[in-house]
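K.L.:
Protein chains: 2
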Amino acid sequence: MVAEPHTSKYPIFAVACDIVTLTLRAGQLCTLLVRRSGSVHTGRWALPGGFVRQDENLEQAAYRELWEEAALGRGDVHLEQLAAYGDVHRDPRDYRVVSVAWVALGADLPNPAPATDVDRAEWVPVEEALQRDLAFDHPQILRDGVERARSKLEYTTIATAFCPASFRIPDLRRVYEAVWGQKLDPRNFQRKALSAAGFIVESGETHHGRGRPSKLYRRGQAEFLTPPISR
Amino acid sequence: MVAEPHTSKYPIFAVACDIVTLTLRAGQLCTLLVRRSGSVHTGRWALPGGFVRQDENLEQAAYRELWEEAALGRGDVHLEQLAAYGDVHRDPRDYRVVSVAWVALGADLPNPAPATDVDRAEWVPVEEALQRDLAFDHPQILRDGVERARSKLEYTTIATAFCPASFRIPDLRRVYEAVWGQKLDPRNFQRKALSAAGFIVESGETHHGRGRPSKLYRRGQAEFLTPPISR
DNA sequence: TGAATAGTGTCTCTTAGACAGTATCAC
DNA sequence: GTGATACTGTCTAAGAGACACTATTCA
Numbered sequence: 013m014v015a016e017p018h019t020s021k022y023p024i025f026a027v028a029c030d031i032v033t034l035t036l037r038a039g040q041l042c043t044l045l046v047r048r049s050g051s052v053h054t055g056r057w058a059l060p061g062g063f064v065r066q067d068e069n070l071e072q073a074a075y076r077e078l079w080e081e082a083a084l085g086r087g088d089v090h091l092e093q094l095a096a097y098g099d100v101h102r103d104p105r106d107y108r109v110v111s112v113a114w115v116a117l118g119a120d121l122p123n124p125a126p127a128t129d130v131d132r133a134e135w136v137p138v139e140e141a142l143q144r145d146l147a148f149d150h151p152q153i154l155r156d157g158v159e160r161a162r163s164k165l166e167y168t169t170i171a172t173a174f175c176p177a178s179f180r181i182p183d184l185r186r187v188y189e190a191v192w193g194q195k196l197d198p199r200n201f202q203r204k205a206l207s208a209a210g211f212i213v214e215s216g217e218t219h220h221g222r223g224r225p226s227k228l229y230r231r232g233q234a235e236f237l238t239p240p241i242s243r
Numbered sequence: 013m014v015a016e017p018h019t020s021k022y023p024i025f026a027v028a029c030d031i032v033t034l035t036l037r038a039g040q041l042c043t044l045l046v047r048r049s050g051s052v053h054t055g056r057w058a059l060p061g062g063f064v065r066q067d068e069n070l071e072q073a074a075y076r077e078l079w080e081e082a083a084l085g086r087g088d089v090h091l092e093q094l095a096a097y098g099d100v101h102r103d104p105r106d107y108r109v110v111s112v113a114w115v116a117l118g119a120d121l122p123n124p125a126p127a128t129d130v131d132r133a134e135w136v137p138v139e140e141a142l143q144r145d146l147a148f149d150h151p152q153i154l155r156d157g158v159e160r161a162r163s164k165l166e167y168t169t170i171a172t173a174f175c176p177a178s179f180r181i182p183d184l185r186r187v188y189e190a191v192w193g194q195k196l197d198p199r200n201f202q203r204k205a206l207s208a209a210g211f212i213v214e215s216g217e218t219h220h221g222r223g224r225p226s227k228l229y230r231r232g233q234a235e236f237l238t239p240p241i242s243r
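If you're matching them up, the sequences are chains A and B in order. Residue numbering for the first sequence follows the numbering used here, starting at 13 and increasing by one per position. Residue numbering for the second sequence follows the numbering used here, starting at 13 and increasing by one per position.
(1) Using CA coordinates, which residue listed in B:A119, B:P176, B:S242, B:L184 is at the minimum distance from T43 (chain B)?
(2) From B:G39, B:E134, B:R155, B:E80, pick the residue whose C-alpha is nearest to that of L142 (chain B); which is it?
(3) Within the chosen definition, does the region 84-99 of chain B reach the region 229-241 of chain A through at least 3 CB pairs nearer than 8 Å?
(4) Taking the C-alpha atoms as reference points, what is the distance between Q72 (chain A) and E81 (chain A)?
(5) With 16 other CB atoms within 10 Å as the buried threshold, where does A38 (chain B) fall?
(6) Where DSSP assigns a beta bridge to G61 (chain A), which residues make up the other side?
(7) If you count every other CB in all the chains shown that lies within 10 Å of the CB of R222 (chain A), and 16 or more means buried, which is it?
(8) Where does P240 (chain B) fall in DSSP's three states?
(9) Note down, in chain order, each residue of its chain lying with its Cβ closer than 6 Å to the Cβ of F25 (chain A), except the 5 sequence neighbours on either side.
(10) Between A147 (chain B) and W135 (chain A), what straight-line distance do the alpha-carbon atoms span, to the nearest angstrom?
(11) For S207 (chain B), write down the residues that DSSP places opposite it in a beta bridge.
(12) State yes or no: is the beta carbon of T98 (chain A) nearer than 8 Å to at least one beta carbon in chain B?
(13) Could you tell me how far apart the beta carbons of G31 (chain A) and L59 (chain A) are, in whole angstroms, since I believe they sit closer than 8 Å?
(14) Under a Cβ-count criterion, where at least 16 other Cβ atoms within 10 Å of its own Cβ denotes burial, should D129 (chain A) be classed as buried or exposed?
(15) For H244 (chain B), name the three-state secondary structure that DSSP assigns.
(16) Give the straight-line distance between the Cα atoms of A15 (chain A) and Q66 (chain B), rounded to the nearest whole angstrom.
(17) Quick one: which residues of the region 213-233 of chain A get their C-beta closer than 7 Å to a C-beta of chain B? List them in chain order.
(18) Name, going along the chain, the residues of the region 48-71 of chain B whose beta-carbon falls closer than 8 Å to a beta-carbon of chain A.
(19) Alpha carbon to alpha carbon, what distance is there between R224 (chain A) and C175 (chain B)?
(20) Check each candidate in A:H219, A:R162, A:G216 and name the one with the smallest Cα separation from Q194 (chain A).
(21) Does the beta-carbon of R231 (chain A) have 16 or more other beta-carbons within 10 angstroms, so that it is buried, or is it exposed?
(22) So the beta strand (DSSP E) R76 (chain A) belongs to, where does it begin and stop?
(23) Can you find a heavy atom of the ligand NAD that lies under 7 Å from the Cβ of F148 (chain A)?
(24) Under 8 Å between C-beta atoms, does F25 (chain A) make it to chain B?
(25) List, in order along the chain, the chain B residues whose C-beta lies closer than 8 Å to that of V112 (chain A)?
(26) Relative to the C-alpha of G216 (chain B), which residue among B:R76, B:S207, B:S226 is closest?
(27) May I have the straight-line CA-CA distance separating V86 (chain B) from E139 (chain B), to the nearest angstrom?
(28) The alpha helix (DSSP H) that contains E189 (chain B), what's its start and end?
(29) Kindly identify the DSSP beta-bridge partner or partners of C175 (chain A).
(30) Mind checking which residues open and close the beta strand (DSSP E) that includes L94 (chain A)?
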């Protein structure tokens, strides 16, 4: 692997990764934004991301950026690829930049630790983030990432990625309510969550809060929800 | 936009596109394969694809390759992005190649017209294609593309993309049977296809074949199937 | 005792799956 | 008529949505 190609028979691109990081904070669906301090779009808000290095896989680059810009490790988030964005004019620089976008889901994540190439990073409610004038095509990427999370809640078990290792069924319901932006019937939700094979398993512990103590659960082995939970 | 960057501050990549083209031929789910004649993996079978040019969007590149290697135009197929593949060693050449893969679905497509950079192109049943020793990481891309088609049949209306403009309900059922590899009850399928709002609409014409004449349908406006049709 | 939270039970209507029969053509 | 294909109808059991009640704790 070399920095410069031996032949000029192919067009030259830069490859970046951008990450839609989603978590629940105070019952609200939030995403991580950074204020840019690089060579272009300086001062504007953007999704965390950066160039993929010559010697790392795409997924490794996404994890590295998560670590550098938000101090999040592999154990903290569920990461999955969203799509590649490569319109000719998506980057104002005079070379082509294709961005491979990712969605990262995590439980009530810590306040971000700004890295070298950002002035500031912060959690922003998704609705507010979409109001801000994000850099590049990041408004589109953010919309796509949120829609990905919304639809995958229906037929996969990724809702547990928004929860800590041990959680209550009402916590899980609040994930659905926050991501979908609508209330769900607690009784029907409880029945569905328990009847979906491999979705959640009892941990044996109980949580003592204000009212009746609640059973605690952990995520099960299943990846898909059968039957699905519909919006 | 220039061929060479003004700065060397970012790693240099090539960006390719590869296409999982799926169609039904004689009731079998088939994909288009080409025999490579380029600089690497010469003589091996691979998915059609090539480098993205400096002045075209990713989707434009996919349509261009479809046209050059299979004489398929925008009206012939439903095209959607699959994922980006960019492992460090996915290409044996000494520079990084990130491939943006696409899935193209079409109705009984014509025999391919080989283009300049292939010895031969042909439709191959998916099961057989997975047996062949495809170049690069194309076995993985093909598996992912087929799985994408399989799952999207359940909750979207893309099954109609495998049919010509006018089709019979049993034709549509055979699409599901071929892609899913399992038989479906004709009576229940008919009921579901007709009850899903916006899935199919009567064209008014009838088809006269061996038995009782059948009503003809066209695809409706809906993009999602409500309720879904389950495997 | 009352407020807060967790959990269970029941009813009804719709739908999914299984299955049998009828309709319309070519020959 | 016979064979082939298309289409319609019915039964039953399970699930979805709507809703009311009980349980356990703290203050």
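We treat Cβ as the ideally placed atom computed from N, Cα and C, and that holds for glycine.
P.N.:
The short version:
(1) B:A119
(2) B:R155
(3) no
(4) 14 Å
(5) exposed
(6) A:D30
(7) exposed
(8) coil
(9) R108, V110
(10) 43 Å
(11) Paired residues: none, contrary to the question.
(12) Reading off the sequence, residue 98 (chain A) comes out as Gly, not Thr. For G98 (chain A), the answer is yes, since a Cβ of chain B falls inside 8 Å of its Cβ.
(13) Reading the sequence as shown, one finds Ile at residue 31 (chain A) and not Gly. The pair is a contact, with the Cβ atoms about 6 Å apart (cut-off 8 Å).
(14) Low confidence applies to D129 (chain A): its pLDDT is 49, below 50, so where it sits in the model is not reliable, and the reading given next is rough at best. D129 (chain A) is exposed by the Cβ-count criterion.
(15) What the structure shows of chain B is the stretch from 13 to 243, and residue 244 (chain B) is not part of that stretch, so it cannot be assessed.
(16) Residue placement at A15 (chain A) is poorly supported in this model, since its pLDDT is 39, which falls under 50; the coordinates still yield a value, given next. Distance between the alpha carbons of A15 (chain A) and Q66 (chain B) is about 19 Å.
(17) none
(18) F63, V64, R65, Q66, D67, E68, N69, L70
(19) 57 Å
(20) A:R162
(21) buried
(22) Per DSSP, R76 (chain A) belongs to no beta strand (DSSP E); it is in the alpha helix (DSSP H), 70-82.
(23) No copy of the ligand NAD occurs in the structure displayed, which carries no ligand at all.
(24) yes
(25) A96, G98, V110
(26) B:S226
(27) Checking the displayed sequence, the identity of residue 86 (chain B) turns out to be Arg instead of Val. Answer to the nearest angstrom: the Cα atoms are 27 Å apart.
(28) 181-192
(29) In the DSSP output, where bridge partners are listed per residue, C175 (chain A) has none listed.
(30) 89-97
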